[in-house]
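Chemist:
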Amino acid sequence: MARDAGLKLGYHNHNWEFFRLTDNPAQTAYDVLTEVTDPDLVHLEIDLFWATRGARDPVDLIQRNRGRVLQYHVKDMNQAGSFEDPGQGLLDFARIFRHSDEAGVREYIVERDDAGSPPRQPADALDTARVGYQFLRTVRF
Numbered sequence: 042m043a044r045d046a047g048l049k050l051g052y053h054n055h056n057w058e059f060f061r062l063t064d065n066p067a068q069t070a071y072d073v074l075t076e077v078t079d080p081d082l083v084h085l086e087i088d089l090f091w092a093t094r095g096a097r098d099p100v101d102l103i104q105r106n107r108g109r110v111l112q113y114h115v116k117d118m119n120q121a122g123s124f125e126d127p128g129q130g131l132l133d134f135a136r137i138f139r140h141s142d143e144a145g146v147r148e149y150i151v152e153r154d155d156a157g158s159p160p161r162q163p164a165d166a167l168d169t170a171r172v173g174y175q176f177l178r179t180v181r182f
C-alpha cells in the first residue's frame with residue numbers, strides 16, 4: 042500500500058518490541074518487524090534509550106539493519122534507569138555514533154520524555170534541547 046501511494050514509512054521503537062514473543066521465544070516483535078517489512082519502504086529510527094531499556098545493544102541493531110537506520114533518537118539514561126539529558130548519563134554515544142555511516146543515519150533527534158509540562162523535570166523541554174545540542178556539537182567519534 043505504501044509503495045502504491047508513493048509513501049515511505051519510519052518506525053520508532055520503545056522497549057516492549059524487544060520482549061521475547063510467547064509463541065516463539067527466539068524472536069521479538071522488532072525481529073519480526075524488520076524481517077517482514079521492505080527496507081526500501083520502511084526505515085528505522087532507533088530510540089537509543091528505549092533500545093537499551095529493552096536490553097538491546099544499539100550497535101547490534103545497527104549491524105543487523107545496515108543502511109536502514111536513518112535517525113537516532115538521542116536520549117540518555119541515568120543510574121535509576123530513567124531519563125537523563127544527552128551526554129549526562131550512562132549511554133556511550135560515541136561508541137554508537139561511530140556506526141552512523143554503517144547505519145545510514147541522517148538525523149540525530151534530541152528529546153527527553155520527562156521534560157516539559159511541569160511537574161516534569163526539567164520543567165522546560167528547551168533546557169534538554171540546549172544540553173543535547175551542546176553535547177552533539179562536542180561529542181567526538
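Letter by letter, the sequence shown follows residues 42 to 182 of this note's numbering. Even glycine gets a Cβ: it sits at the ideal position worked out from N, Cα and C.
#1: Just the C-alpha distance for D88 and G122, rounded to the nearest angstrom, thanks.
#2: Tell me whether L89 counts as near the ligand HEM, meaning its Cβ is closer than 7 Å to at least one heavy atom of that ligand.
#3: Return the residue from the list A156, P160, I150 that minimises the CA-CA distance to Q112.
#4: Mapping DSSP to helix, strand and coil, what is R105?
#5: Report all residues from its chain with a CB closer than 8 Å to the CB of V100; omit the five preceding and five following residues, and keep chain order.
#6: Please tell me whether A96 and F59 are closer than 8 Å, where the distance is taken between their beta carbons.
#7: How should K116 be labelled, buried or exposed, when 16 other C-beta atoms within 10 angstroms of its C-beta is the threshold for buried?
#8: Shortest alpha-carbon distance to D98 belongs to which of F134, Q120, E148, T75?
#9: Under 8 Å, do V83 and L50 count as touching if we go by C-beta distance?
#10: Give, in chain order, every unbroken run of the beta strand (DSSP E) that is at least 3 residues long and sits entirely within the stretch 80-155.
Modeler: Short version:
#1: For the purposes of this step, residue 88 is taken as residue 47 along the sequence shown, with counting starting at 1. For the purposes of this step, residue 122 is taken as residue 81 along the sequence shown, with counting starting at 1. When rounded, the distance between both Cα atoms is 15 Å.
#2: Judged by which ligands are present, the structure shown has none, so any question about the ligand HEM falls away.
#3: Locating residue 112 in the sequence shown gives position 71, where the first residue counts as 1. Distances from the CA of Q112 to each of A156, P160, I150 were compared; the closest alpha carbon is that of I150.
#4: Position 64 of the sequence shown, counting from 1, holds the residue named residue 105. Here R105 sits in helix by DSSP.
#5: The residue given as residue 100 occupies position 59 in the sequence shown. Cβ within range, chain order: R136, I137, H140.
#6: Here residue 96 refers to the residue found at position 55 when the sequence shown is read from its first residue. Here residue 59 refers to the residue found at position 18 when the sequence shown is read from its first residue. Yes. Within cutoff.
#7: Counting from one through the sequence shown, the residue named residue 116 turns up at place 75. Buried, because 16 or more other Cβ atoms sit within 10 Å of the Cβ of K116.
#8: Residue 98 sits at position 57 when you count from the first residue of the sequence shown. Closest by alpha carbon: F134.
#9: Position 42 of the sequence shown holds residue 83. Position 9 of the sequence shown holds residue 50. Their beta carbons are under 8 Å apart, which means V83 touches L50 by this criterion.
#10: Annotation note: the stretch 80-155 contains the following uninterrupted beta strand (DSSP E) runs of length 3 or greater, listed N- to C-terminal: 83-88, 110-115, 148-151.
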